[in-house]
Amino acid sequence: MMVMFWRMFLICLITFLIFLHILIHCRTILHIQLLSSILSMWMMQLPKRSALFEMKNIWGLPSNHSEKHLIVLVLICCPGHGVICLIVVHKNSPRGKHFRRAGPRQKVYFEPDDVYACIVTCGGLCPGLNTVTREIVCGLYHMYGVSRVVGIDGGYRGFYSKNTIPLTPKVVNDIHKRGGTILGTSRGGHVTKKIVDSIQDRGMNQVYIIGGDGTQRGAAVIFEEIRRRGLNVAVAGIPKTIDNDIPVIDKSFGFDSAVEEAQRAISAAHVEATSFENGIGVVKLMGRDSGFIAMYATLASRDVDCCLIPESPFYLEGHGGLFEYIERRLKENGHMVIVIAEGAGQGLVSESLKSTDPSGNKLLPDVGLWISERIKEHFLKQKKMVINLKYIDPTYMIRAIPSNASDNVYCTLLAQSAVHGAMAGYTGFTVGPVNGRHAYIPFNRIIEKQNKVVITDRMWARLLSSTNQPSFLRTRDIIKENKEEEPPTQLANDSTSTDENSVEKQILC
Numbered sequence: 219m220m221v222m223f224w225r226m227f228l229i230c231l232i233t234f235l236i237f238l239h240i241l242i243h244c245r246t247i248l249h250i251q252l253l254s255s256i257l258s259m260w261m262m263q264l265p266k267r268s269a270l271f272e273m274k275n276i277w278g279l280p281s282n283h284s285e286k287h288l289i290v291l292v293l294i295c296c297p298g299h300g301v302i303c304l305i306v307v308h309k310n311s312p313r314g315k316h317f318r319r320a321g322p323r324q325k326v327y328f329e330p331d332d333v334y335a336c337i338v339t340c341g342g343l344c345p346g347l348n349t350v351t352r353e354i355v356c357g358l359y360h361m362y363g364v365s366r367v368v369g370i371d372g373g374y375r376g377f378y379s380k381n382t383i384p385l386t387p388k389v390v391n392d393i394h395k396r397g398g399t400i401l402g403t404s405r406g407g408h409v410t411k412k413i414v415d416s417i418q419d420r421g422m423n424q425v426y427i428i429g430g431d432g433t434q435r436g437a438a439v440i441f442e443e444i445r446r447r448g449l450n451v452a453v454a455g456i457p458k459t460i461d462n463d464i465p466v467i468d469k470s471f472g473f474d475s476a477v478e479e480a481q482r483a484i485s486a487a488h489v490e491a492t493s494f495e496n497g498i499g500v501v502k503l504m505g506r507d508s509g510f511i512a513m514y515a516t517l518a519s520r521d522v523d524c525c526l527i528p529e530s531p532f533y534l535e536g537h538g539g540l541f542e543y544i545e546r547r548l549k550e551n552g553h554m555v556i557v558i559a560e561g562a563g564q565g566l567v568s569e570s571l572k573s574t575d576p577s578g579n580k581l582l583p584d585v586g587l588w589i590s591e592r593i594k595e596h597f598l599k600q601k602k603m604v605i606n607l608k609y610i611d612p613t614y615m616i617r618a619i620p621s622n623a624s625d626n627v628y629c630t631l632l633a634q635s636a637v638h639g640a641m642a643g644y645t646g647f648t649v650g651p652v653n654g655r656h657a658y659i660p661f662n663r664i665i666e667k668q669n670k671v672v673i674t675d676r677m678w679a680r681l682l683s684s685t686n687q688p689s690f691l692r693t694r695d696i697i698k699e700n701k702e703e704e705p706p707t708q709l710a711n712d713s714t715s716t717d718e719n720s721v722e723k724q725i726l727c
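The opening position of the sequence shown corresponds to residue 219 in the numbering used here, with each subsequent residue numbered one higher.
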């Protein structure tokens with residue numbers, strides 16, 4: 219280490235003396251200013267937001283060189299004060315420190331003929347799964363000439379219990395027009411040792427894992443085991459969740475398609491409600507812990523009178539409660555449409571199920587059916603008021619549709635970004651847009667928490683204005699929400715950022 223330090227110190231000293239000599243004896247300040255301008259323009263092209271570049275766990279695959287150094291010359295021209303020369307020496311180690319901007323790299327780590335890639339889809343269904351699979355296969359084949367790509371049949375357990383499915387551009391040509399996934403999926407079945415043993419025995423060196431937060435947690439464990447064994451395998455994740463509850467990224471694929479299809483159910487509920495005296499349409503949408511689908515479908519529909527989500531507590535009886543609001547709306551309009559996310563109001567349900575599904579998610583009671591029965595009981599027995607309530611649960615219809623045009627484009631960008639990252643030698647990352655810019659995000663940032671609706675934010679205020687519903691929040695709830703809310707992150711165009719290291723480029727090949 220000391221020899222390396224003194225060697226680098228000597229290189230820096232010699233370089234500094236050479237440039238100092240040039241600056242003293244050379245009068246071509248115009249050329250120096252031009253070089254400085256070019257460097258400034260190059261720096262401006264890189265993402266600026268420091269929150270976008272906090273990579274901690276994106277590792278590069280093993281390189282033939284033990285370590286590399288990048289010498290950056292920064293020239294600052296000050297009129298009347300000469301030129302300041304600053305030499306920055308950066309050690310490029312395999313372990314990065316920041317998010318990386320997604321996209322193709324000049325150097326490719328893998329030779330196309332050596333690549334043996336596999337794709338696996340895990341968890342529940344979501345619009346766009348087939349599109350992502352198709353674009354990974356086509357991207358590897360057409361952009362890099364990779365011909366050995368297989369699909370893992372049946373989720374994580376397919377690594378060690380089922381055969382692989384050969385994938386070629388011809389096989390996947392039309393799959394984006396179908397719902398579901400041609401690879402099959404399942405919940406649970408994650409046995410790390412068996413999965414990595416299968417990857418090692420089959421000779422796979424690129425693993426593309428498509429799934430939600432639970433799947434990405436599994437991918438992080440697989441990556442750590444692969445790294446522990448010293449295998450030359452790139453692990454890339456593509457975040458999938460219809461609930462849009464994955465943090466850091468702007469949104470997950472399939473969300474736009476789900477919102478669009480949810481409007482059809484809301485429209486049906488509205489037709490039913492307006493066709494009968496005191497008609498009430500109740501629509502239950504997805505959202506175990508996050509109410510994004512319910513919120514955005516409500517804003518897009520404009521036919522909803524009340525939207526209930528997990529993040530916003532509500533109560534049924536008493537002044538300002540849900541029953542009082544329903545009665546008032548029926549007297550004013552003669553009908554009402556209620557949208558409720560599946561995770562809303564779980565604290566009000568008398569008995570919650572203790573069991574969990576194979577993925578570890580708690581099994582929730584059907585809150586839509588429960589609240590429908592409570593509404594009927596209240597108005598028929600207590601208010602002696604005749605109502606006509608229709609309950610609609612379109613959950614599985616929404617999950618099974620093919621992705622719409624917007625999600626098809628988005629899935630293409632995600633798949634190609636994952637392919638570029640894996641071929642360049644990145645591993646242990648998930649792809650996704652952060653503030654509109656696609657980036658490589660370490661697994662630990664994706665799985666550290668869930669993305670939720672902030673009920674003190676402007677979007678929820680817009681919904682309350684659109685539906686004219688009460689917030690159902692008491693003063694103590696608002697104070698608690700403000701205390702728990704995280705401080706705002708730094709804006710992307712904030713010129714006061716001091717994290718200069720966030721613009722350094724890491725060479726992994």
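Quick reminder that beta carbons are idealized off the backbone N, C-alpha and C, glycines included.
All values derive from a computational prediction rather than experimental measurement.
- Close CB contacts of G342 within its chain, under the 8 Å cut and outside five residues either way in sequence, are with T403, R405, G430, I460 and R617 (chain order).
- For N381, there is no enclosing beta strand (DSSP E), since its DSSP letter is neither H nor E.
- Judged by their CB atoms, V355 and V390 are nearer to each other than the 7 Å cut-off.
- Assignment of M554 by DSSP, reduced to helix, strand and coil, places it in the strand class.
- Where N626 is concerned, the enclosing alpha helix (DSSP H) starts and stops at A623 to M641.
- Remark: C-beta atoms of F541 and E535 approach each other more closely than 7 Å.
- Our two residues, V453 and L347, have alpha carbons roughly 18 Å apart in a direct line.
- Taking 7 Å as the cut-off, the beta carbon of V501 is found no closer than this to the beta carbon of I383.
- L343 carries a coil assignment under DSSP once its states are collapsed to helix, strand and coil.
- R319 is bridged by DSSP to A657.
- In terms of Cβ geometry, T516 and L682 do not form a close pair [threshold 7 Å].
- Less than 7 Å separates the beta-carbon of L607 from that of I498.
- Residues of the same chain with a CB within less than 7 Å of the CB of G472, apart from the 5 flanking positions on each side, are C344, P345, G346, K458, I460, S621 and D625 in chain order.
- Secondary structure of Q687 (DSSP, three-state): coil.
- Taking one beta carbon from each stretch, the stretch 362-372 and the stretch 647-663 have fewer than 3 pairs nearer than 8 Å; the two do not touch.
- For V367, the enclosing beta strand (DSSP E) begins and ends at V367 to I370.
- Secondary structure of I619 (DSSP, three-state): coil.
- Assignment of beta-bridge partners to K608 by DSSP yields G499.
- Spanning the alpha carbons of A562 and D521 requires a straight line of approximately 20 Å.
- Rounded to the nearest whole angstrom, the CA to CA distance from S590 to I605 is 11 Å.
- G654 counts as exposed, since fewer than 16 other beta carbons sit within 10 angstroms of its beta carbon.
- Around the beta carbon of E329, fewer than 16 other beta carbons sit within 10 angstroms, so the residue counts as exposed.
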